[in-house]
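Engineer: This structure is in structure tokens; I'll ask about it shortly.
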Amino acid sequence: KLEASGLVKALRKNTLQQNAMQKADALKRSLGLDPVTNKGSAVFVCCSRSDALNHARVMRSELSVRLNRGCAVGGGASTAEWIAKSEAVVVLLTKALVTDPDALFEIWTALSLDIPIITVAVVGMYDFAYAATKFADLPVALERVGEGSDKGLSSRRKSSRLQRSQRSESQKGLHSPLSLKWLSSQRSDMSESDNAAARLKGRLRNDADVVLVGKTIHESLTAIIAIGWTPHYGRNHMDAIVDSIMARMLQDRRSRASRGSRSSRSASNLESVLQDRRLQAGRVSQSPHQ
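So the number in the numbering used here is just where the residue sits in the sequence shown, counting from 1, plus 154.
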């Protein structure tokens with residue numbers, strides 16, 4: 155009776171179609187791993203390359219497959235230029251990112267261009283309390299290095315004179331305790347925050363308000379509710395994370411369209427992709443722990 159009703163045939167056809175789609179997705183993912191950056195970028199994945207480059211590549215590949223468009227991986231010296239061509243920026247939150255000047259500059263670029271930011275915290279690699287402290291210190295650190303640059307020439311001249319004096323005393327076998335103490339303090343490394351702030355300031359325009367930059371990054375990143383991603387949780391978890399990212403992109407587009415602050419690009423593409431995903435997976439829930 156089942157054969158006669160055609161139900162078995164329909165189930166077989168559906169199974170074959172799903173298998174074909176899974177193979178096609180796997181092929182796209184395998185082809186999407188390299189190069190690191192695709193110029194035609196739908197989503198820009200911001201990361202610190204010192205601890206999250208591989209995770210960023212995986213995320214870029216998954217988003218590229220789902221959107222059927224190129225996505226870019228950031229964290230490089232010149233990758234920020236692709237942010238203006240992206241619809242959204244996904245920031246992978248890790249410990250190294252909070253003091254990575256390239257990543258911080260990319261975040262500031264996205265904020266300056268009013269590009270939507272979606273944060274994804276890599277579980278086990280991001281401490282919210284530590285990050286909040288570092289982000290809160292960023293405006294102060296930027297102000298310190300800003301003031302220091304104005305005094306840089308004078309300090310270098312003093313250092314040069316003292317070094318010449320020290321060499322002269324060394325040749326005589328004499329060592330001034332005060333001079334040695336001063337040199338020791340000058341040789342001490344800058345704090346991690348100051349080092350990041352100094353390098354970030356070097357990427358900014360000369361007329362940039364460095365304190366405003368620091369406050370904007372701090373307030374923006376700490377205000378966004380992050381999506382938690384555990385990379386080793388498997389396929390269903392990865393699909394749920396991508397679903398959540400795309401849902402936020404769709405929500406942002408609708409919100410901006412209702413305010414009239416964004417272009418009139420339709421949200422139907424993202425909506426249809428989300429609907430297709432729900433139908434394929436046979437689920438409605440978007441819980442990241444599935």
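The C-beta atom is built at its ideal place from N, Cα and C for all residues, glycine as well.
Tell me Val-227's beta-bridge partners as DSSP assigns them.
Structural biologist: The partner list for Val-227 (beta bridge, DSSP) reads Val-199.
Engineer: What does DSSP give as the partner residue(s) for Ala-242 in the beta ladder?
Structural biologist: Per DSSP, Val-197.
Engineer: With H, G and I counted as helix, E and B as strand and the rest as coil, what does DSSP make of Thr-273?
Structural biologist: It is a strand residue.
Engineer: Using only the alpha-carbon positions, how far apart do Leu-375 and Ser-204 sit?
Structural biologist: Those two C-alpha atoms are separated by around 20 Å.
Engineer: In angstroms, rounded to a whole number, what distance separates the CA positions of Ala-350 and Val-365?
Structural biologist: Whole-angstrom Cα-Cα distance: 14 Å.
Engineer: If you run the structure through DSSP and keep just helix, strand and coil, what is Asn-173?
Structural biologist: Helix.
Engineer: Taking only three categories from DSSP, how would you classify Val-237?
Structural biologist: Just to set this straight, residue 237 is Ile in the shown sequence, not Val. Three-state result, Ile-237: helix.
Engineer: For a test of the three-state rule: what should DSSP assign to Leu-247, helix, strand or coil?
Structural biologist: Three-state DSSP puts Leu-247 in a strand.
Engineer: With distances taken between CB atoms, is the gap from Ala-285 to Val-245 smaller than 8 Å?
Structural biologist: In this structure, Val-245 does not lie closer than 8 Å to Ala-285 by Cβ.
Engineer: Quick check: what's the CA-CA separation for Arg-211 versus Arg-408?
Structural biologist: In a straight line, the C-alpha of Arg-211 is about 28 Å away from that of Arg-408.
Engineer: Report all residues from its chain with a CB closer than 6 Å to the CB of Ala-206; omit the five preceding and five following residues, and keep chain order.
Structural biologist: Same-chain partners within the cutoff: Leu-246 and Thr-248.
Engineer: How should Thr-169 be labelled, buried or exposed, when 16 other C-beta atoms within 10 angstroms of its C-beta is the threshold for buried?
Structural biologist: It counts as exposed.
Engineer: With 16 as the cutoff for other CB atoms within 10 Å, does Ile-379 come out buried or exposed?
Structural biologist: The residue in question, Ile-379, is exposed, as its Cβ has fewer than 16 Cβ neighbours within 10 Å.
Engineer: I'd like to know whether the C-beta of Ile-371 is nearer than 8 Å to at least one C-beta of chain D.
Structural biologist: Here there is only one protein chain, and chain D is not present.
Engineer: What beta strand (DSSP E) runs, 3 residues minimum, are completely inside the segment 360-392?
Structural biologist: Listed in chain order, the complete beta strand (DSSP E) runs (minimum 3 residues) inside the segment 360-392 are 381-383.
Engineer: Nearest by alpha-carbon distance to Gly-382: which of Asp-291, Thr-273 and Ala-234 is it?
Structural biologist: If we check each option's Cα against that of Gly-382, Thr-273 comes out closest.
Engineer: Starting from the Cα of Val-227, find the closest Cα among Phe-282, Ala-352 and Ala-257 and give me that residue.
Structural biologist: Among Phe-282, Ala-352 and Ala-257, the Cα nearest to that of Val-227 belongs to Ala-257.
Engineer: For a test of the three-state rule: what should DSSP assign to Gly-278, helix, strand or coil?
Structural biologist: Three-state DSSP puts Gly-278 in coil, outside helix and strand.
Engineer: Going by C-alpha to C-alpha distance, which of Lys-167, Asn-390, Ala-231 and Ile-261 sits closest to Glu-373?
Structural biologist: Of the listed residues, the one whose Cα sits closest to Glu-373 is Ile-261.
Engineer: Give me the Cα-Cα distance between Ala-401 and Gly-278, rounded to the nearest whole angstrom.
Structural biologist: The straight-line gap from Cα to Cα measures roughly 24 Å.
Engineer: Rounded to whole angstroms, what's the CA-CA distance from Arg-166 to Ala-174? Just pull it up for me.
Structural biologist: Taking the straight line from one Cα to the other gives about 12 Å.
Engineer: Determine whether the beta carbon atoms of Ala-231 and Thr-263 lie at a separation below 8 Å.
Structural biologist: The answer is no: Cβ separation not under 8 Å.
Engineer: Give me, in chain order, the residues of the same chain whose beta-carbon lies closer than 6 Å to that of Arg-353; leave out the 5 immediate sequence neighbours on both sides.
Structural biologist: Closer than 6 Å at the Cβ level, and outside the excluded window around Arg-353, lie Pro-255.
Engineer: In chain order, what residues of the same chain have a beta carbon less than 7 Å from the beta carbon of Ile-237, not counting five sequence neighbours either side?
Structural biologist: Taken in chain order, the residues that qualify are Phe-198, Val-243, Glu-260, Thr-263, Ala-264, Leu-267 and Ile-269.
Engineer: Could you check if Gly-356 is buried or exposed, using at least 16 other CB atoms within 10 Å of its CB as the buried criterion?
Structural biologist: With fewer than 16 other Cβ atoms within 10 Å, it is exposed.
Engineer: Taking Ser-345 as the reference, which of Thr-370, Val-294 and Asp-393 has the closest Cα?
Structural biologist: Selected option, being the one with the closest Cα: Val-294.
Engineer: How is Leu-267 classed by DSSP in three states: helix, strand or coil?
Structural biologist: Leu-267 falls in the coil class under three-state DSSP.
Engineer: Going by Cα to Cα distance, which pick from Glu-216, Asn-222, Ala-250 and Asp-406 is closest to Ser-202?
Structural biologist: Comparing Cα-Cα distances from Ser-202 to each of Glu-216, Asn-222, Ala-250 and Asp-406, the minimum goes to Ala-250.
Engineer: Pull up the distance between the alpha-carbon of Pro-189 and that of Lys-163, whole angstroms please.
Structural biologist: Residue placement at Pro-189 is poorly supported in this model, since its pLDDT is 41, which falls under 50; the coordinates still yield a value, given next. The alpha-carbon atoms of Pro-189 and Lys-163 are separated by roughly 42 Å.
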